[in-house]
Structure formats: C-alpha cells, structure tokens
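Chains as they are written, first to last, in the working numbering: chain A, 1 to 346; chain B, 1001 to 1353.
Cβ coordinates follow ideal geometry from the N, Cα and C atoms, glycine included.
Keep in mind it's a predicted model, so treat the numbers as computed, not measured.
In what follows, a single structure is set out as structure tokens and then discussed.
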C-alpha cells in the first residue's frame, strides 16, 4: 500500500488494520488500499465523466455531423457522408445560410480580394473584428481602471465595487441596457450619435451601427474584468522599485515603461487571452441587442442554422467546428508568440 | 528661497540646503544634475512672479502644476476616477430613470424621469411571473455551484495534493475545455437532451432532459468547472501536509481527511470558487436561452423573463428596465459582500495557467 501514512506502516500497521475493519464499509476499505495514483484517478473520475459527456463527446459528434450531408426532408436529420463538402460550402460562401461564414473571392487587381457581401455581414470577419477591437479598448481602459484602483485613497473599496459591477451584470441585462439606450423610441444614444453624424436612421437595423453598439456594450462590461486581472499584476510589483527609480530621477512615463509594463506583461497577456476567447464566443449580447441577422457572429450562425427552420444540421455542425478551430488557432498563436513571457510567469 | 541672485549667494544657498531638498528639486525637473538644478530654481522664481501678476485661475493652476507635478498627477488621477465611475454607473442610473417613468413617456430621458411611477417594480411581477423566473435562475445557479464545488473539490485535491502520471496533460486538457465555444458542444447536446431515456421517465415525465433544470445545470457545471478546479487546486495545495497526516494518523479515512480537514481549512478558496461559479451561471446566456422553451413552469431562467416584456403587440420598455434592475440586485449584493473573494478568485484562476 502507498497511503500518506506509508512510512509509519511498519509501526502502525496492525492498528490501521483494525481501524480499517472498524469502518465496516467495503467501499471505504477498498479506497483506503488504493495506491496514490489510483486514488488520484478515482477522484478525477467524476470530473472526467461530466466533461466527457458535456464537452468531449459532443465535440467529436459535432465533427462527425459536420461531415454529413444536410437533409431537409424526411425523418432522418442527416444524410450520407460527404467529406469536407460542408466546409467547402462555408468557406466559399455557398452555404444555405442567411449570413455567410465568409464570402471572399480573389481578384486580379488591388486589394486582391473581393467581398461578396459587406464585410460586416460575414460572420468570420465580424467575430474577428469584434474580438480585436473590443480586446484592444478593454485592455487600454482596463489598464486605466487598474491604475486608479492601485492608488491609495479614501473610498477605494467602493470605487472598486463600482468598477467591478458591470462585470457581474448578466449578459441579457447588459444587452437590455444598451438596447434601450440605442432604441430610438427610448434612449438618447442614437440621437446623440446621429447628431455626431456617426449613425444612420435606424441604428439597430444597420450592421455597422449595431456593430458599434455591441462593441460599446462589451467594452463597458468587460473592461472591468481586464482591470481586475491587471490590478493583480500591478499589486505584485515591488514598490521599492519605484522608489529606486524616483531617486534615480526617472519620470513617471519612464517608470511606467521600464518597471510597470514589463512586470505586468505576463498578467496582461493572460487577461488578453481570456478576453479574446470570450469575445470570439459572443452571442447573447448580440441576440439581446441588435439580433443575429444584423450582426452575425460565428455562434450566431450555428444557432441560426440549427433553429432557422431550414434543418441544415450538417452545415451547422461544420460552422460550429470551424468556430472551435478558429479559436484553437488563436490560442496557438498567443501561446507561440508569448511562450517565453508565460514561462516567466510561473 | 533667496531673491537676490549673486552667484556667491546662490552657491551658498545650494550648499546650505538639506539633502531632502535637493531630492525634491531633482524630481520636479526630471532628475537633472545639480548644475542645471540651479536653473530650475530660477524658473521656479519666474513662475512665482507670474503668479503674483494674478492672471486667470487657470493660469495660476497651470503655473502651480508646472512647479509641482505631483499636484497635476493628483488632479489627473481624480479626473480619471470620476470618469470611470460615471461611465460604469451611469447606465444603471439611466435604467432606473427609465423604469420610474410611466409607460409611454420614455422619450428623452437623460438625467431625470418623465414623471414618477415606482409601481413599475410591482407591475413587473404582475405582467409576467418574474419571481418564478428568478427562482428558476437561483435553483439552477445553486445546483450548478454545488455540483461544481463537490466534483471540483475532488479534482482539485487530486491535482493539488497527489502525485500521479499525466497530471500536467490532464490539467491542460481541463483548461482547453474552458476555451471551446459552447456552440461546438451544443448540437449533439441538444440531440442528447431531446432523446428520451427510459430511466428518466419517472423524474421528467417524458424521459427527456429538455425543459428541466438538468439541461442547464449539466452543461453549465461542465463549462464553469475548469475555473473552479484551478482555484481549488491552488488553495488545496497550500495546506501543510502535516495537518492532513495528523488527521490520517488519528484514523480519518482518505475522503474524511479531504472533507474534514482540507476543505474546512481552505474555506476562503471554496467560497471564492462558489461565488464565481454562482455569478457565472446566473449570468450565462447561451444554454439558458436555448435549453428551455421559455415557459417559467419549464424552468426558464431570468433571461427569458426579461426578454418576455418584448411582447407581440406592445413593448413594455419601463418593465424591461425595472426587471433588469431587479435582476442585477442579487449579483450586486454578491459583489459588494464578496468583492475581495472575486478579485482573488479571478486572479488565482487566471494566473494559475
């Protein structure tokens, strides 16, 4: 046996033997006698079972379904094996979807690519654009918020509550707030933006205006998340470094560039990675503000294909798996470019 | 400081000042060597004289700021703080104003409501059974939190305190799950939950999980479990071995040591994981939206209630706003009570990676 009391086994061997009998429960006895590794696997079993049922099995099934033909009639939801046909249809913009995954053709003249439909009606570019722009602004604003929270001042506790609060708001309520703000009948947001000349007549039906609304809503909520993670990084910086820099005559900007930024960078990158993954999955916010037809994200396409009434399950599965692939690709890019920084973190 | 500026006097002055004076002087002009520091003194004198000329308050403020940059940083800091507070809190304030405005007069609300109708907060419960939706959300979030904490504790104990082969790959595998989009799991799960299982018939009636809390609790537990596992692993790994060994020698079983020693000693970590899971499940959209038909008796959560005020014939804007405020209150209380735990939990969960 290799329990934790193993070294004492020789001395207490008899005692633990009787103790084991005293439990009188064969399951407990069996568990006590497992090796450490076997016990570890046993403890991981429930988590593994749940994750297999909810994550791994569906992921494999999604892949299998994505290789099958859409069958719009009859009892069977899916037809025969068609290989990568669904993927080809998706990537060439020929899928039977209201909004395409991507619809791009190469052309001979500058800029060498042509968009079949406006770029903000192609799910891949909408989602990528949303992720890049929102994460950029969230990082900048989150850094500002974290910098404020890092100072010592009276009432810091309450300022922190106020800044965390948007992060804790349910997505549907976040969507509702910005829907109301920009709904011409209620909110002043659209009037204001029209006065600035940015928005058209009906912002919640216009792809570009709605894209901006969704962006603003996401930045409002998620900058707080960034701020918290960056704050953790800021607070781990040794304060005496700043004193040294001050004595050496470094300006605040120099102090930021040479001390704060390099030391916070690992935390910053992790926070950005988390936010990028999250932004790539955007769905609820769009559904509760502008709607999936106006701002089609990748997850939107999957849901539309499933419930749009056209029964194109093969295509839906292919889009879902492509979404996973795109996200996986972004993770690898992050890990590849920043592996040294991340290694320095742990 | 001296007003007459004969070279000898100034030199004497520089020599006389105590060390900390030099220190502050250097700071204000960006750490110039002492030779130029004297010029700094001159500039300071000029600024003083200009201030005496009594120009507008802004110039006076600016000249003071030039002399003493710390002051400028301080005002910048307060400006930034107020800006952040306004941008984060204004939407809530505005939502309250919309909720308080009587129906049909929601035009042009910015700072004050058009009329005063607190009755909207009662009407919310009359038009739809909003309390029922909230109850469903609470049940789903609580059940998911319990499942995540129990299963996550077992896994966290294994990862944090036991040595076994394949530990790192398994942890990475768990991490990868939290990266995948729910859409990639959704289609087969939707099929699975709409399949009738004989064993479930006594519980759910028709034997499917669709329209039951299970259809949300299972996927949501799985999706938010990785974060909880990482938080719990961190906390469990910090408990000294001696405490566990002592309990074992006293005759506790292995599982007993986990539940009677490790978990109570890591109570702050367990609370952190619990709070974060509860908030995450309560806030979730994707599965909550798609795994029920939207009827409160079929366990539709909060979000169906809020979207429900967008009726077929009329859109009840003031009720949408009022229900949103009511829906935020539980998480707002959690944030106020448990802000330290949220901060430490997010940090531990994210930086563990």
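Short CB-CB distance (under 7 Å) between residue i and chain B
i: residue 311 of chain A; result: no
i: residue 71 of chain A; result: no
i: residue 387 of chain A; result: Residue 387 of chain A lies beyond the stretch modelled for chain A, which goes from 1 to 346, so this question has no answer here.
i: residue 59 of chain A; result: yes
i: residue 6 of chain A; result: Its pLDDT being 43, under 50, residue 6 of chain A is placed unreliably by the model, and the measurement read from it follows with that caveat. Not an interface residue.
i: residue 118 of chain A; result: no
i: residue 262 of chain A; result: no
i: residue 87 of chain A; result: no
i: residue 410 of chain A; result: Because chain A in this structure spans residues 1 to 346, residue 410 of chain A falls outside the shown range and cannot be described.
i: residue 259 of chain A; result: no
i: residue 293 of chain A; result: no
i: residue 132 of chain A; result: no
i: residue 54 of chain A; result: yes
i: residue 201 of chain A; result: no
i: residue 230 of chain A; result: no
i: residue 244 of chain A; result: no
Paired residues, beta bridge with residue i - DSSP
i: residue 1287 of chain B; result: The partner list for residue 1287 of chain B (beta bridge, DSSP) is empty, contrary to what the question assumes.
i: residue 115 of chain A; result: A:104
i: residue 1310 of chain B; result: B:1315
i: residue 70 of chain A; result: A:78
i: residue 122 of chain A; result: A:100
Whole-angstrom C-beta distance between residue j and residue i, which should lie under 8 Å
i: residue 280 of chain A; j: residue 1181 of chain B; result: 7 Å
i: residue 1270 of chain B; j: residue 1149 of chain B; result: 6 Å
i: residue 166 of chain A; j: residue 1282 of chain B; result: With a Cβ gap of about 15 Å, residue 166 of chain A and residue 1282 of chain B do not count as contacting.
i: residue 1341 of chain B; j: residue 1249 of chain B; result: 33 Å between Cβ atoms; not a contact.
i: residue 319 of chain A; j: residue 90 of chain A; result: 6 Å
i: residue 231 of chain A; j: residue 1170 of chain B; result: About 31 Å separates the two Cβ atoms, so there is no contact after all.
i: residue 161 of chain A; j: residue 1223 of chain B; result: Contact flag wrong, Cβ pair sits at about 27 Å.
i: residue 294 of chain A; j: residue 205 of chain A; result: 6 Å
Whole-angstrom distance between residue j and residue i, CA atom to CA atom
i: residue 1072 of chain B; j: residue 148 of chain A; result: 15 Å
i: residue 1172 of chain B; j: residue 1121 of chain B; result: 47 Å
i: residue 163 of chain A; j: residue 1187 of chain B; result: 36 Å
i: residue 66 of chain A; j: residue 1290 of chain B; result: 20 Å
i: residue 207 of chain A; j: residue 271 of chain A; result: 29 Å
i: residue 211 of chain A; j: residue 199 of chain A; result: 11 Å
i: residue 289 of chain A; j: residue 1146 of chain B; result: 32 Å
i: residue 1330 of chain B; j: residue 131 of chain A; result: 29 Å
i: residue 1007 of chain B; j: residue 263 of chain A; result: At residue 1007 of chain B, the pLDDT of 46 sits below 50, so the modelled position is not reliable and the matter cannot be decided from this model.
i: residue 1074 of chain B; j: residue 1083 of chain B; result: 14 Å
i: residue 224 of chain A; j: residue 157 of chain A; result: 15 Å
i: residue 3 of chain A; j: residue 1260 of chain B; result: Legend: pLDDT at residue 3 of chain A = 43, less than 50; position of this residue unreliable, no value from coordinates given.
i: residue 1059 of chain B; j: residue 239 of chain A; result: 34 Å
i: residue 1219 of chain B; j: residue 182 of chain A; result: 33 Å
i: residue 195 of chain A; j: residue 1136 of chain B; result: 43 Å
i: residue 100 of chain A; j: residue 214 of chain A; result: 19 Å
i: residue 1301 of chain B; j: residue 1160 of chain B; result: 35 Å
i: residue 1124 of chain B; j: residue 321 of chain A; result: 40 Å
i: residue 300 of chain A; j: residue 121 of chain A; result: 12 Å
i: residue 136 of chain A; j: residue 1081 of chain B; result: 20 Å
i: residue 59 of chain A; j: residue 220 of chain A; result: 32 Å
i: residue 334 of chain A; j: residue 172 of chain A; result: 30 Å
CB contact check: residue i to chain A, cutoff 7 Å
i: residue 1172 of chain B; result: no
i: residue 1324 of chain B; result: yes
i: residue 1022 of chain B; result: Here the model assigns residue 1022 of chain B a pLDDT of 48, short of 50, so the residue's position is not dependable, and the following value carries that caveat. Not an interface residue.
i: residue 1291 of chain B; result: no
i: residue 1106 of chain B; result: yes
i: residue 1235 of chain B; result: no
i: residue 1189 of chain B; result: yes
i: residue 1134 of chain B; result: no
i: residue 1068 of chain B; result: no
i: residue 1162 of chain B; result: yes
i: residue 1285 of chain B; result: yes
i: residue 1309 of chain B; result: no
7 Å Cβ cut-off: residues of chain D touching residue i
i: residue 1157 of chain B; result: No chain D is part of this structure, whose protein chains are labelled A and B.
Fill in: Contact set between the segment 134–167 of chain A and chain B, restricted to residues whose Cβ is under 7 Å from the partner
If the cut-off is 7 Å between Cβ atoms, the segment 134–167 of chain A has 144, 145, 148, 151, 159, 160, 161, 162, 163, 164, 165 and 166 near chain B.
Worksheet item: Using a Cβ cut-off of 7 Å, which residues of the segment 314–326 of chain A contact any Cβ in chain B, in chain order?
Response: 316, 317, 320, 321, 323 and 324
Fill in: Members of the segment 1075–1104 of chain B near chain A, C-beta cut-off 8 Å
1077, 1080, 1081, 1084, 1085, 1087, 1088, 1089, 1091, 1092, 1094, 1095 and 1098
Discussion item. Which residues of the segment 1204–1226 of chain B have a Cβ closer than 7 Å to any Cβ of chain A? Give them in chain order.
Written reply: 1218, 1219, 1221, 1222 and 1225
Item to complete: Using a Cβ-Cβ cut-off of less than 8 Å, give me the residues of the segment 1328–1347 of chain B that come near chain A, in sequence order.
Response: Against chain A - using a Cβ distance shorter than 8 Å - the residues of the segment 1328–1347 of chain B are 1328, 1331, 1332, 1334, 1335, 1336, 1339, 1342, 1343, 1346 and 1347.
Item to complete: Using a Cβ-Cβ cut-off of less than 9 Å, list which residues of the segment 166–199 of chain A approach chain B; keep chain order.
Response: Contact residues of the segment 166–199 of chain A toward chain B are 166, 167, 168, 169, 170, 171, 172, 173, 174, 175, 176, 177, 178, 179, 180, 181, 183, 185, 186, 187, 188 and 191 (C-beta to C-beta distance below 9 Å).
Worksheet item: When you check each C-beta in the segment 208–224 of chain A against every C-beta of chain B, which residues fall closer than 8 Å?
Response: 220 and 224
Fill in: chain B contacts from the segment 261–289 of chain A (Cβ-Cβ distance under 9 Å)
Correct list: 266, 267, 270, 271, 273, 274, 277, 280, 281, 283, 284, 285, 287 and 288.
Worksheet item: Between the segment 1111–1123 of chain B and chain A, which residues of the former have CB atoms less than 9 Å from a CB of the latter, in chain order?
Response: Look at the segment 1111–1123 of chain B: it has no residue with a C-beta under 9 Å from a C-beta of chain A.
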